[in-house]
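Participant:
Protein chains: 2
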Amino acid sequence: MVTKGNAFDPNCPTRAILDRIGDKWTVLVVLSLRAGPLRFTELRDGIGRVAPKVLTQTLRRMERDGLITREVYPEIPPRVVYTLTPMGASLTAPIAAVTDWAETHMPAITKAQQRYDESA
Amino acid sequence: MVTKGNAFDPNCPTRAILDRIGDKWTVLVVLSLRAGPLRFTELRDGIGRVAPKVLTQTLRRMERDGLITREVYPEIPPRVVYTLTPMGASLTAPIAAVTDWAETHMPAITKAQQRYDESA
DNA sequence: GGCCAACGGTATCCATTGGTAACTGGCTAC
DNA sequence: GTAGCCAGTTACCAATGGATACCGTTGGCC
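Order-wise, the sequence lines are chains A and B.
With this note's numbering applied, the first sequence covers 86 to 205.
With this note's numbering applied, the second sequence covers 86 to 205.
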């Protein structure tokens, strides 16, 4: 069996979820939070070049999906802490599988691209 | 160690590769080709609603990245067969990890979304 | 001879999205 | 007083994703 549910049915919610967790920033947020809760700016600085708008969108979506929790401490200056939920933490395993693959095969892909560009 | 290479360095090629294989259609193409080579229309029909333009773009990118091969048989009507390379086939394992996760946690995510929408 | 289908795509257009740059508000430190 | 921190928001723009229509070639049908 290829996919026990069928990711091929366009109406299948699995595909919607694939869209979510396939998102570049979602993956990086999960990896960032893997070691423990972080604040907004810590996430922003840790991830690299993320527009705050985009990071906010990503975090809101993940909160909505139950992957992270958002805690606001009404202090001055404000403090907002993001934490992986157990479900979010369970995502780290498959994500690690993918990033491991990427790191393993990155040289081969780069070489394939070069070959392709040369022959073109 | 979080990611042996650092997916957090925006200049790290790993991130570019994550963008690629995180692509919705790339995932579905890999899953489709897992059982064996397919023709263009077979892919299109099997995947569901894909605009041919988008499928072409996806396939060209995957060919460039060395994930699939494209064989043209100059017959009438024309026949073009797409096949996973060994590297492409090795992608099925991590992808399966992700889709399994998605299928397992889909109900929980759906429920989380409903709770969120109700409370909003 | 005229018409249509099969195949593997292009060409064209529009909506959505991703991303940049600038700004907010309340406070504090210089 | 003015500059900065924090966690965003608001406009705005370029790129991308996607729907729809169309293409050339040939074979079969009438």
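Quick reminder that beta carbons are idealized off the backbone N, C-alpha and C, glycines included.
Could you check the C-alpha separation between Lys138 (chain A) and Met191 (chain A) for me, to the nearest Å?
Facilitator: Distance between the alpha carbons of Lys138 (chain A) and Met191 (chain A): 30 Å.
Participant: Report the start-end ranges of each alpha helix (DSSP H) in the region 145-178 of chain A that is 4 residues or longer and not cut off at the edges.
Facilitator: Counting whole runs of 4 or more residues, the region 145-178 of chain A contains the alpha helix (DSSP H) stretches 171-175.
Participant: Under the assumption that Pro179 (chain A) contacts Ala182 (chain B) (Cβ atoms under 8 Å), give the Cβ distance between them as a whole number of angstroms.
Facilitator: The Cβ separation is near 4 Å, so the contact holds.
Participant: Just curious, the alpha helix (DSSP H) that Val135 (chain B) is in, first and last residue?
Facilitator: Taken as a continuous stretch (DSSP letters only), Val135 (chain B) belongs to no alpha helix (DSSP H), as it is neither H nor E.
Participant: Closer than 8 Å, CB to CB, is Gln199 (chain A) near chain B or not?
Facilitator: No - not a single Cβ of chain B is within 8 Å of the one on Gln199 (chain A).
Participant: Contact between the region 156-176 of chain A and the region 115-130 of chain A: three or more CB pairs below 8 Å?
Facilitator: Flag = yes, the region 156-176 of chain A and the region 115-130 of chain A touch.
Participant: Is there a Cβ of chain B sitting closer than 8 Å to that of Lys138 (chain A), yes or no?
Facilitator: So, not an interface residue.
Participant: Identify whether Arg105 (chain A) lies in helix, strand or coil by the three-state DSSP scheme.
Facilitator: Here Arg105 (chain A) sits in helix by DSSP.
Participant: Can you list, in chain order, the residues of its chain whose CB lies under 7 Å from that of Asp150 (chain A), leaving out five sequence neighbours each side?
Facilitator: Same-chain partners within the cutoff: Arg105.
Participant: In three-state terms, what does DSSP make of Arg124 (chain B)?
Facilitator: Of the three classes helix, strand and coil, the one that applies to Arg124 (chain B) here is strand, per DSSP.
Participant: Taking C-beta pairs closer than 8 Å, name the residues in chain B that Pro143 (chain A) reaches, listed in chain order.
Facilitator: The sequence as given places Thr at residue 143 (chain A); Pro does not occur at that position. What Thr143 (chain A) touches in chain B: nothing, since even the nearest Cβ is about 13 Å away.
Participant: Report yes if the CB atom of Arg164 (chain B) is closer than 8 Å to the CB atom of Arg124 (chain B), and no otherwise.
Facilitator: Against a cut-off of 8 Å, the Cβ pair of Arg124 (chain B) and Arg164 (chain B) comes out as a contact.
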